[in-house]
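Position 734 of the sequence shown, counting from 1, maps to 791 under the working numbering, and the rest follow consecutively. Built from N, CA and C at the ideal position, the CB exists for glycine as well. This structure is a prediction, so every number in the text was calculated from the model and none was measured. Okay, structure first, notes after.
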Amino acid sequence: MMERTCNEKGKGKGKGKTDLVDIVFSWTFGDALNKNLYKDKVPKIPRTFVSATEYMKSFVPSLIEETHGDLCSSLEGISQAPTFKILTCKRMTKGLIYQLTFDESHGGGYEPAPGDLIALTDDRPRGIQDLNKPGRFYHVAYVQMSQGRQIRILSSKSIEIEPDMRGNNVKMLYATYLINLMTNIRIWKALSSQLEGANFNIIGEVLQSDQLIGKSSHICPSLEHGNTDISMTTNVIRSQHLNESQKEAVISSVAMRKCHHNQSVKLIWGPPGTGKTKTVASMLFALLKLKTRTLTCAPTNTAVLEVAARLRGLVEDQLQFDTYGLGDIVLFGNISRMKVDDYCGLPDIFLDYRVDMLEKCLSPLTGWKHDLESMISLLENPHQQYLLSNIDAKHEEDNNDLMSLEQFTKLNYGNVEQAYLSCKQLEDNKNDRMTLKQYVKKRYSFINDQYLSYKAEVQFVKRRFSFICVNLKSSLQTLYSQLPTSLVPFEVAKNICATLDLLEALGNSLHQNEFIEIPTKNVEGKSNVIQPELSNVKEKKLDIFSICSGMMQMFLNSMHVETQVPIKEVTFDFGRLSMKRDECLRILRSLSQAISLPQLGSLFEIRDICLKKACLIFCTASGSSKLFTKGMTPLPFIVIDEAAQLKECESTIPLQLPGARHAILIGDERQLPAMVKSKISDYAGFGRSMFERLVLLGFMKHLLKVQFRMHPSISLFPNREFYQGQLLDGMHVKDSNHSKRFLEGKMYSSYSFINIAQGKEQFGYGHSLKNMVEVAAISEIIKRLHKEFLSKRRKVSIGVISAYKAQVHEIEEKVKQYHLVSDPDFSVNIRSVDGFQGGEEDIIMISTVRSNKQGNVGFLSNRQRTNVALTRARHCLWILGNAETLKQSGSVWRRLVNDAKERGCFHNGDDDQNLAQAINNAFPKHELVGKSNHINRSVYVI
């Protein structure tokens, strides 16, 4: 192996700067699999730094090694990786860039995404050995773009092979997914000062060299003399019923926005169940009311969605007009990975959905402006619009929504009906008597022509109005709900809502089929002649003709021709319908002039203005790199949720945003940190968060000290063990209603340790450990819980936690009839400790797995992992494990077992007859000794 330092690898590719992809491409196959490639070349990351340059450089070796370790792990498991066939391969004009078309029927549903690192081979790899055979084609490539079935890649080498689309098993090309580099590349750019408009104001505050320690406690002079913002947040605090520690966190955080003299960093310490998300959402709601541009980010999509959903819920009750104001809130991220549709209200603020809606809304051919002008034209001159439409009356003849010819005749031509009755009497003895409709068509053709004209035009107006109204309503609602309020002022939104109400009322009136009756006088001896006295015309019913004004004039003219009666100039009062029409026209015209938007001709421009004008922005920490664009409006406030789970180097991305002055980090360093795959980079401190480092340096943190989740008997041990008794139990959890019993027996009270001394640990799925006796015990308990649920129909959620993947897998298989069934009232959630961080359930069962004489518990002894596992339960926490093994470990588990015994919460599993039988059945017959119902714990080989 060549001797290379981290900074040397990847150079010599003819570029001004080495990037992370260059380094990855420089690794040979042997390099990628060599777990000691960077041994002794990754220094520990210090706690304090002299300069920003030293600070940034300190993370680079660990970032390279973590990328290497991730790739190494992926190559070792390549037999399980998704692989798809390449159909076409075309080299682009520049460099080693290729356009590939892949077969989506292969790959098990995997779709390549930008940032993916893929292995290109001439055969489907069935194991790592297939990648390094002599004469075999193999190298890696980086996916730059993905669209449909095509991807654009940057290849590490020239691709000499061309796929055979005929499928003759010659010259085939396959691509296998390895890892996604996107997050690490974004970190690399942040550490290499490659972000547009980056600033180091906040970075300078967190270096914490010896000279800077203590500076963070400096109070801005503008905050010492009162803060008017406090009064503006009072209603938010009161409405959310925040306790004193939450209230102080919100007020002190919001007050930071008034400081323009210093950059500042604030830590909010949120132990389990203390309402951290509620506090953050309340703070953000206050900042929204104060129009303070704020970025809120977190390590994962799930964490971002949780806080965004909580904020969206607070805003819901405060919206003044429908969804007006949501345009000030933007959530963005990878649409395929962010399951926004699973959260109520989040699709309303998701950027991809917003851009799609606004593109249609702002289109000159189909958008709001076109719909508005179409409605104005229809209301101003419906007859002209009808004539332009070229509708054939005959095609409308069978429409049931309009009055029939008979109704039309009876309503407007009383003498015709009398003439018809006379005719009918004369023809009573004939078999072919005419109906009124036939009579009118035969004797009064002008009436029939008028009726057809009426029918076609009224039909046109109704349909046209409904069509435009639906489109206009959708586009106007999109305007005021999806655009920032700075582009759609409050008064404009108010007028839009008034317009929509008027249009709805006008539409209802149009479809009521109410008409004006025109009284007529019979002319003696001329019953077949109509002679209306126009001077006596009075309104009896509301008329569609008040819209079709042009058709009304045509109607009067035809009457004049038939009756030879002079037509006087008459002004008709069409009442409420006409008033609604006039009011609609007035507001529609005013809207046309009031709404002034910039020219947004492309998706990029729409996306850009949504981000530049928004008040609150939500995304992952690495995703915030997309905000480094030219002309981006400054984001003075940065909020990082779950900050203790975020690698410090990753937190440098949002903290460098243009205009960033104040940062609030919320988290708990006593729960799990960020996951690190490489042991070398883990030893170097790569997984340590900025939150944890600042705490280690003595940085002050604000404690949220009232927990609202756990029954007091559950919170007692973790509070004492991990938080030095600083946490208080909220009134809610101390209430008797919070003490729920789901099974009979003291063993199944709110808190208990269930000793499974007969367990046997062994290797299982994925070379991880499992304990089938504990699996059997948990299965029996869940079975009994389900039986109890069917009997009492009391809603319950169950969580099963284990630190070992093999145990999680075995429990899932054993209880899949409950785990896989979707029942909102009885749910079973089985996950690893890491997967349960941030979660909670009514009942939590912990399977510790380890069972040996030496007291070896492996990474189960990790205090942060133990803290997470012990603090997920609301009402009941049942811990299953081998007490002797855990006691001998000398870890936190020894104190937990002793505490359970002292409190009378320790129980032997075989004291429960049903549980003892389940444990007995878990052993192969050759391992069983005796037939006693109560198993002798001494007869098993441990």
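- The beta carbons of V865 and I887 sit closer together than 7 Å.
- Within the segment 910-983, the runs of alpha helix (DSSP H) that reach at least 4 residues and sit entirely inside it are, in chain order, 920-927, 940-945, 949-959 and 970-978.
- Straight through space, the alpha carbons of L422 and G134 are spaced by roughly 53 Å.
- Around the C-beta of G915, fewer than 16 other C-beta atoms lie within 10 Å, and the residue is accordingly described as exposed.
- One alpha carbon belongs to P191, the other to I121, and they sit about 29 Å apart.
- In this model, F524 and L408 are separated by some 28 Å (Cα to Cα).
- Contact annotation, K142 with Y155: C-beta distance approximately 15 Å; criterion of less than 8 Å not satisfied.
- Sorting L877, Y861 and F980 by C-alpha distance to the C-alpha of R922 places Y861 at the top.
- Looking only at K852, D899, I903 and E837, the smallest Cα-Cα distance to K873 is reached by E837.
- Just so you know, the alpha carbons of E253 and G680 end up roughly 14 Å apart.
- A198 sits in a strand when the DSSP states are folded into three classes.
- Its chain contains K637 as the residues whose beta carbon lies nearer than 7 Å to that of A562, once the 5 sequence neighbours on both sides are disregarded; these appear in chain order.
- Judged by DSSP in its simplified three-state form, S249 adopts coil rather than helix or strand.
- V200 and D79 have their C-alpha atoms some 14 Å from each other.
- Pairwise C-beta distances place the segment 730-742 out of contact with the segment 761-776, as fewer than three of them are shorter than 8 Å.
- In the DSSP annotation of this structure, K304 is not part of any beta strand (DSSP E); the continuous alpha helix (DSSP H) holding it starts and ends at E301 to A312.
- By the neighbour-count definition (other C-beta atoms within 10 Å, threshold 16), I392 is an exposed residue.
- Spatial neighbours of L371 in its own chain (CB-CB distance under 6 Å, excluding positions within 5 residues in sequence) are listed in chain order as A338 and F342.
- Measuring C-alpha to C-alpha distances from R718 to each of N358, L560 and G261 identifies G261 as the nearest.
- For the set D413, Y822, H843 and F810, the Cα lying nearest the Cα of R952 is the one of F810.
- For W326, the three-state secondary structure derived from DSSP is strand.
- For P171 and I236, the gap between their C-alpha atoms comes out near 11 Å.
- The segment 675-718 is shown to contain whole alpha helix (DSSP H) runs of 4 or more residues at 705-712, in chain order.
- For L371, the enclosing alpha helix (DSSP H) stretches over residues N358 to E373.
- Three or more Cβ pairs closer than 8 Å define a contact, and the segment 428-440 falls short of that threshold against the segment 538-551.
- Under the three-state reduction of DSSP, Q265 is assigned to coil, being neither helix nor strand.
- Under the three-state reduction of DSSP, I392 is assigned to coil, being neither helix nor strand.
- The straight-line gap separating the alpha-carbon atoms of I216 and M113 is approximately 36 Å.
- When the beta-carbon positions are compared, A360 and E699 come within less than 7 Å of each other.
- Per the coordinates, the alpha-carbon of I723 lies some 8 Å from the alpha-carbon of K323.
- According to the DSSP assignment, F774 belongs to the alpha helix (DSSP H) that extends over P769 to F779.
- Only buried fits P182, as 16 or more other CB atoms lie within 10 angstroms of its CB.
- Here E707 is buried. Its C-beta has 16 or more other C-beta atoms within 10 Å.
- The count of Cβ pairs closer than 8 Å, one atom from the segment 934-954 and one from the segment 814-824, reaches three, so the stretches are in contact.
- In the DSSP annotation of this structure, the continuous segment of the alpha helix (DSSP H) that includes G87 starts and ends at F86 to L90.
- Partner residues in the beta bridge of Y155, as assigned by DSSP, are R148 and I210.
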